[in-house]
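Right, one structure below, let's go through it.
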Amino acid sequence: MSIALITLFSVILIMALLVAAGVFTWVERRGLGFLQERLGPNRVGPFGFLQWVADTVKLLTKEDEVPPGGDAITFRLAPALAAIPVLAGFGVVAFGPNLSLAALDMGVIFILAMLALTVYAMVLGAWASHNRYALLGGLRAAAQMLSYEAFFGLSLMGVVMLAGSLSLGQIVEAQSGVWFFILQPVGCALFLLAGIAAAHRLPFDLQESEQDLVAGFMTEYSGMSFALFFLGEYLAVILVSALAVTLFFGGWLGPVLPGPIWFGLKVGALALAFIWIRAILPRPRYDQLVGFAWKWGLPLALVNLLLTGALVVMIGGRPG
Amino acid sequence: MSWGFAIWAATLALAAAVLSVTRASAVHALLLLLASLLALGAAFFAMSANFAGVIQLLIYAGAVVAVFVFVVMTVDASETAMAHERKLLRSAWRWPALFVGLSVIPILFGIGGGAMDAGAPAAADTRELGLLLFGDWGVATELVALMLIAGMIGVRHLGRSLGPRLRERGRE
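These protein sequence lines are chains V and U, in that order.
FYI, the numbering for the first sequence is 186 to 505, going by our numbering.
FYI, the numbering for the second sequence is 17 to 188, going by our numbering.
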């Protein structure tokens, strides 16, 4: 691709993602309303669909100030760190056959790295807020990220072994026979668990848990800075869903419809599952969350990796 | 273009690294260290060293957050402590910093002046790298892994639950 084409594709992709994140907030609020037997937003536009536009206008025009005693530069920088790495992560996602911005030969690890960087937004934002609740939230975010990142990466290495590649495109092509969630059920379950934690979603949103920390690391944020944190969170949900679809649910593969449509449909379905999980599960205690990651998540991921490796070698092995 | 971008990113990394050791606030220093590591990752990508770039981002840039936790928990960020730090930065650290700065010159320009003529970057396959690490360099890789296990054993020791007798002693 030429540079002009890449730029055009990037701009279209970013615009589409921003709109998708906006629409996702509406879907989530309506979905939660449905699951909790109430209406949800239903005033602005048909079925309240334009609520996200109204919210964006409101957030753009709200006052956005640094709390007294806070560190102004870091405070302003932190929300950007929530959104930019996730947007960069979409650069390597394979939306269809040969349809990705950069066909990096280790796209999987690149996305993991980008998701790991989002923790800085929380930690720095929390520190710069000069607020105790925020700082507690920030420290929780750091500990949670360190705990879950360890088995987030390990849980998907079984897929990498089966596909024999770290490239997202090649992993999808390796699933033309059977999707990897059938061959890697444990890996898939662990990946989705860690994915919820990596996207900082309920029930693993201990860093902002409003019942005990006001709003955690976001306590002092308002206006567009606040919106950027939310944008990062919703984009992270879409990115984790896209990664899960690529690794375990056959990516763009599917009958009749063109590849990118299948990809979009699968990502949408998985994102809805994130909302569903949010609605039905209570939040665990903080020590339970971290304890689970180290005592169950990591050992299970290692055993899964060991068994997969043994099977791959036994059945014929990959040529060295 | 990619060489130009690599040098630009490397310059950025160097500038951020220098700034990170001259800041009085530990958190600002960490932020700049993070910027430096990210820029270094970008430089690796520009030189087609994708694996090094990704690892730079995931392991190094990703792990600074652990340092951040220690900084927040252990470093005094009050105004008096900062004033003391600024005073130290102005006086005592000047000569050691200059010395380290001098030692960077041969790395930057090469002892024979030829460090930049390493030839066109070659894109290495992940499989080849894996075979190299676990084949020819297998013993070295395993030794490094052992070092990490030592760290894990240390954590296990520090985080153990104390028996009743030890707990009594801890209270005294």
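Think of the CB as a built atom: it goes at the ideal place given N, C-alpha and C, for glycine as much as any other residue.
If you're wondering where the values come from, they're calculated on a predicted model, not measured in any experiment.
Q: Compare the C-beta of residue 192 of chain V against all C-beta atoms of chain U and say whether one is closer than 8 Å.
A: no
Q: Express the C-alpha separation of residue 439 of chain V and residue 167 of chain U in angstroms, rounding to a whole number.
A: 46 Å
Q. What residues in the segment 46–78 of chain U have a beta carbon less than 7 Å from any beta carbon of chain V?
A. 47, 50, 66, 67, 70, 73, 74, 77 and 78
Q.
Using 8 Å as the cut-off, can you tell me whether the segment 305–315 of chain V makes contact with the segment 256–267 of chain V, which would need three or more C-beta pairs spanning the two stretches below that distance?
A. yes
Q. So is residue 393 of chain V in contact with chain U if we call contact Cβ pairs under 8 Å?
A. no
Q.
Rounding to the nearest angstrom, what Cα-Cα distance links residue 384 of chain V and residue 118 of chain U in this structure?
A. 44 Å
(Q) Under 7 Å, CB to CB, which of the residues in the segment 108–124 of chain U have a partner in chain V? (A) none
Q. Taking all protein chains shown into account, do 16 or more other C-beta atoms lie within 10 angstroms of the C-beta of residue 381 of chain V, making it buried, or fewer, making it exposed?
A. buried
Q: Could you say which of V:468, V:443 and V:267 lies nearest to residue 309 of chain V if we only look at CA atoms?
A: V:267
Q. Does residue 82 of chain U have its Cβ less than 8 Å from a Cβ in chain V?
A. yes
Q. Within 8 Å (strictly less), CB to CB, does residue 259 of chain V reach chain U?
A. yes
Q: Identify every residue that forms a DSSP beta bridge with residue 281 of chain V.
A: V:284
Q.
When you compare the CB positions of residue 64 of chain U and residue 29 of chain U, do they come within less than 8 Å of one another, or not?
A. no
**Q.** Distance cut-off 7 Å: residue 327 of chain V Cβ against heavy atoms of the ligand HEM
**A.** This structure lacks the ligand HEM; in fact it carries no ligand of any kind.
Q) How far does the alpha helix (DSSP H) with residue 101 of chain U in it reach, from first residue to last? A) 95–106
Q. With a Cβ-Cβ cutoff of 8 Å, do residue 386 of chain V and residue 280 of chain V count as a contact?
A. no
Q: Sort V:480, V:400 and V:497 by Cα distance to residue 336 of chain V and report the nearest one.
A: V:480
Q | alpha helix (DSSP H) segment containing residue 440 of chain V, residue limits | A | From DSSP, residue 440 of chain V is part of no alpha helix (DSSP H); its letter is neither H nor E.
Q: Decide yes or no for the touch test of the segment 20–29 of chain U against the segment 56–74 of chain U: beta carbon pairs closer than 8 Å, at least 3 of them.
A: yes
Q. Contact between the segment 491–501 of chain V and the segment 30–42 of chain U: three or more CB pairs below 8 Å?
A. no
**Q.** Integer-rounded CB distance, given that residue 489 of chain V should sit under 8 Å from residue 343 of chain V
**A.** 6 Å
(Q) If distances are taken between C-alpha atoms only, which option among V:484, V:400, V:306 and V:251 comes closest to residue 332 of chain V? (A) V:484
(Q) Please state whether the Cβ-Cβ distance between residue 351 of chain V and residue 345 of chain V is less than 8 Å. (A) yes
**Q.** Contact the segment 409–422 of chain V vs the segment 320–331 of chain V: 3+ CB pairs below 8 Å
**A.** no
Q. Leaving out the 5 sequence neighbours to the left and right, which residues in its chain are closer than 6 Å to residue 301 of chain V when beta-carbon positions are compared?
A. 334
Q: Could you name the residues of the same chain whose beta carbon sits closer than 6 Å to that of residue 287 of chain V, not counting the 5 residues immediately before and after it, in chain order?
A: 276 and 277
Q. Out of curiosity, what's the CA-to-CA distance linking residue 154 of chain U and residue 160 of chain U?
A. 10 Å
Q: Mind listing, in chain order, the continuous alpha helix (DSSP H) runs of no fewer than 4 residues lying wholly within the segment 228–284 of chain V?
A: 236–246 and 257–274
Q) At a CB-CB cut-off below 7 Å, which residues of chain V make contact with residue 91 of chain U? A) Per Cβ cutoff of 7 Å: no residues; residue 91 of chain U is ~11 Å from chain V at best.
Q: Report yes if the CB atom of residue 392 of chain V is closer than 8 Å to the CB atom of residue 329 of chain V, and no otherwise.
A: yes
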